[in-house]
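Let me begin by presenting the structure, written as structure tokens, before commenting on it.
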Amino acid sequence: MSKPKFKNPVVNWIDYRLPIFTFMNHELNEYPTPKNLNYFWNFGSLAGITLVIMIVTGIVLSMNYTAHIDYAFDSVERIMRDVNHGWLLRYIHMNGASFFFIVVYIHIFRGLYYGSYKAPREILWILGVLILLLMMATAFMGYVLPWGQMSFWGATVITNLFSAIPLVGESIVTWLWGGFSVDNPTLNRFFSLHFVLPFVIVGVVILHLVALHRFGSNNPIGIDVKGKQDTIPFHPYYTIKDLFGLSVFATIFAAAVFFFPNFMGHPDNYIPANPMVTPAHIVPEWYFLPFYAILRAIPDKLGGVLFMFGAIMVLFVLPWLDKSSVRSSQFRPLYKLFFWFLVIDCIALGYLGAMPAEGIYVVLSRLATAYYFFHFLIILPLLPKIESTRPLPVSISTPIITTSSNASTVMAMREKK
Amino acid sequence: MTNKNTPDDKNKRDFLQVSTYALGAVGAASFVWPLINQMNPAADTLALASTEVDLEQLEEGQAITVTWRGKPVFIRHRTKEEIASAKDQLLDGLRDPQTDDERVQNEKYIVLVGVCTHLGCVPLGQKSGDVKGEYGGWFCPCHGSHYDHSGRIRKGPAPTNLEIPQYSFLSDTLIKIG
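Chains Z and H, in that order, are what the protein sequence lines are. So that you can map any letter, position 223 of the first sequence is 214 in my numbering, and since no number is skipped, the others follow by simple counting. So that you can map any letter, position 1 of the second sequence is 178 in my numbering, and since no number is skipped, the others follow by simple counting.
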């Protein structure tokens, strides 16, 4: 028999039968969290909130959208002009996709910098990569729905990637299209999948959170929590920190929605889809550009597709490529250097993906692609053999409590050893 | 330095907390309102909210049905006998007492929303071969409501008379509904 824990007798009555309040108290209120988390730890909750914003605005947009090649473009224009607040809802959804990727990419690089993918958080990391893949599929299919020129030709190019598969490629593409080109059946199934995949993402996010709460958050120092003195309750400390981060994020998001709503889009997508004419310069949305650069860098159809998917697949096995037992870059001087090289490499790939595939851009794309895989497949496995890591603090509390001098911290640590 | 727990300090914190919650509630409500309001009629739907009808070809005893806001509107050019029977009807015993004068602008033409006030079916009585019910007006086949020449409910489950749409005569034979 559990004794009553809540002041409200109704809450107690329900909780005894359905321990939902105990669960919420445990996971959202008293949940012990490392006390040294910095603002990079805000991006997980920001991603969750953005997912909710996307689902809510998406559901109301779907109430006003017609998934038919003859009506889709006009129905989106009707949302922009006639539906009450339709322009606002669509701009939130449209920019929300970009902001979702910004937040998630920062979240991922946070994980890379502080070694959050290492034992015992490998499954947590893998679920995160799975969420990224699902997000990419969802974002791609969502971009097709307005049925503008970029929608149509993006859909054509991306579905044609599968034609690179030997023997069955053509049949798979025909199957994806439901015909012999991107047409009404394609639009209908993309709408259906674009609607349902976010709920699949919610399911994986729940698993991601279950895995997170098994061992709790990693932290900037990257060492395990040693006891109560290293943690603070999630509420109010991190609820308030997450809320403050959210208000900053919401301000920037609102600025984009109200003042630069089309900054991250392509004007060509305001031209209705025309299967007879391809736009002169066709590029994907910015969040796909690094992968697009890798696709174009490989001078072979199948090879390009394999390397592009390989760029994400390599993240799945990252916990086993990086064998260093030290998590945080703060104590890995060489890894820290290569981390920043990787950041620059990814930004370079993004830039090159937006440039035409000719001249110097091709050469640079190949170099940047080669370096991307070199980082994960060669540098990370070799690094522990040559890197001398800096000494780790005894605990999260030690460097904070011992303010007298750094030397004493190191001394204390050496004594323990 | 003042003590952290002086009543002044507590008041200040209470004020901050309440104003934060209040501002948060306003913010949340202002985000929720567009989500709700998008379901209200859009600008193009409202633009279709009026219909003009020319009654010149409508002979005595004939009726036409036009669409207004996606609903049928009945217009009947009543015969002298029908007008007389509608006018002579005593209000005693009517479920929704209204005189015929209250229900027409020009006694020759009765204009009604053709939707039964019971559960929304379209009553019969517009076509010459239709069942018109025991009172000669309209008859709803769904649950058997009988309406008279003025569209008043006389028998059956409907609670009120057939609704009169907002309309005006632009000329003797041209009306604008809505």
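We put the beta carbon where it would ideally sit given N, CA and C, even for glycine.
Query, Result
"Just the Cα atoms here: how many angstroms apart are residue 330/H and residue 294/H?", "9 Å"
"Are the CB atoms of residue 232/H and residue 286/H nearer to each other than 8 Å?", "yes"
"For residue 317/H, report the span of its beta strand (DSSP E) as first-last.", "315 to 317"
"For residue 217/H, go through chain Z and note every residue whose CB falls closer than 7 Å to its CB, in chain order.", "75"
"Since residue 288/Z and residue 356/Z should fall inside the 8 Å C-beta cutoff, what is the C-beta to C-beta distance between them, to a whole number of angstroms?", "4 Å"
"Could you have a look at residue 297/H and say whether DSSP puts it in helix, strand or coil?", "coil"
"Given this structure, state the Cα-to-Cα distance separating residue 344/Z from residue 9/Z, to the nearest angstrom.", "52 Å"
"Cβ atoms of residue 248/H and residue 292/H: under 8 Å apart, would you say?", "yes"
"Could you list the residues in the segment 220 to 247 of chain H with a C-beta less than 8 Å from some C-beta on chain Z, going in chain order?", "220, 221, 222"
"Please name the residues in the segment 47 to 71 of chain Z whose beta-carbon is closer than 7 Å to at least one beta-carbon of chain H, in chain order.", "47, 51, 54, 55, 69"
"Alpha carbon to alpha carbon, what distance is there between residue 385/Z and residue 25/Z?", "14 Å"
"Would you kindly check if the distance between the Cβ of residue 97/Z and the Cβ of residue 34/Z is under 8 Å?", "yes"
"Using a Cβ-Cβ cut-off of less than 7 Å, list which residues of the segment 73 to 98 of chain Z approach chain H; keep chain order.", "73, 74, 75, 76, 77, 79, 80"
"If I measure Cβ to Cβ from residue 213/Z and keep anything under 6 Å in the same chain, skipping five residues before and after, which residues do I get?", "105, 106, 318, 319"
"To the nearest angstrom, how far is the alpha carbon of residue 212/H from that of residue 275/Z?", "29 Å"
"Does the segment 294 to 310 of chain Z come close enough to the segment 186 to 193 of chain Z to have 3 or more Cβ pairs within less than 8 Å?", "no"
"Which residue comes first and which comes last in the alpha helix (DSSP H) that contains residue 231/Z?", "225 to 250"
"Measure the alpha-carbon distance for residue 187/H versus residue 197/H and round it to whole angstroms.", "15 Å"
"How many Å lie between residue 189/H and residue 93/Z at the Cα?", "38 Å"
"Have a look at residue 128/Z and residue 28/Z and give me their C-alpha separation to the nearest angstrom.", "32 Å"
"State buried or exposed for residue 139/Z, treating a residue as buried only when at least 16 other CB atoms are found within 10 Å of its CB.", "buried"
"For residue 50/Z, report the span of its alpha helix (DSSP H) as first-last.", "34 to 53"
"So, helix, strand or coil for residue 295/Z, using DSSP?", "helix"
"Thinking just about the alpha-carbon of each residue, which of 304/H, 245/H, 332/H is nearest to the one in residue 311/H?", "332/H"
"Roughly how many angstroms lie between the CA atoms of residue 318/H and residue 341/H, to the nearest whole one?", "21 Å"
"8 Å is my cut-off, CB to CB: does residue 200/H come that close to chain Z?", "no"
"DSSP three-state label for residue 102/Z, please.", "helix"
"If contacts are defined as beta-carbon pairs under 8 Å, then residue 329/Z and residue 272/Z qualify, I think. What distance do you get, rounded to the angstrom?", "Not really, about 34 Å apart at Cβ, beyond 8 Å."
"Going by alpha carbons, who is nearest to residue 378/Z out of 347/Z, 368/Z, 323/Z?", "323/Z"
"Provide the residue(s) that pair with residue 24/Z in DSSP beta bridges, ordered along the chain.", "223/Z"
"For the 8 Å Cβ check, are there 3 or more pairs between the segment 223 to 231 of chain Z and the segment 143 to 153 of chain Z?", "no"
"Can you list, in chain order, the stretches of the alpha helix (DSSP H) that have 4 or more residues and sit fully within the segment 239 to 289 of chain H?", "257 to 265, 277 to 280"
"Measuring only between beta-carbons, confirm whether residue 212/H sits less than 8 Å from chain Z.", "yes"
"Exposed or buried, what is residue 216/H when buried is set at 16 or more other beta-carbons lying within 10 Å of its beta-carbon?", "exposed"
"Between residue 313/Z and residue 7/Z, what straight-line distance do the alpha-carbon atoms span, to the nearest angstrom?", "45 Å"
"For residue 100/Z, which of 19/Z, 55/Z, 32/Z has the nearest alpha-carbon?", "32/Z"
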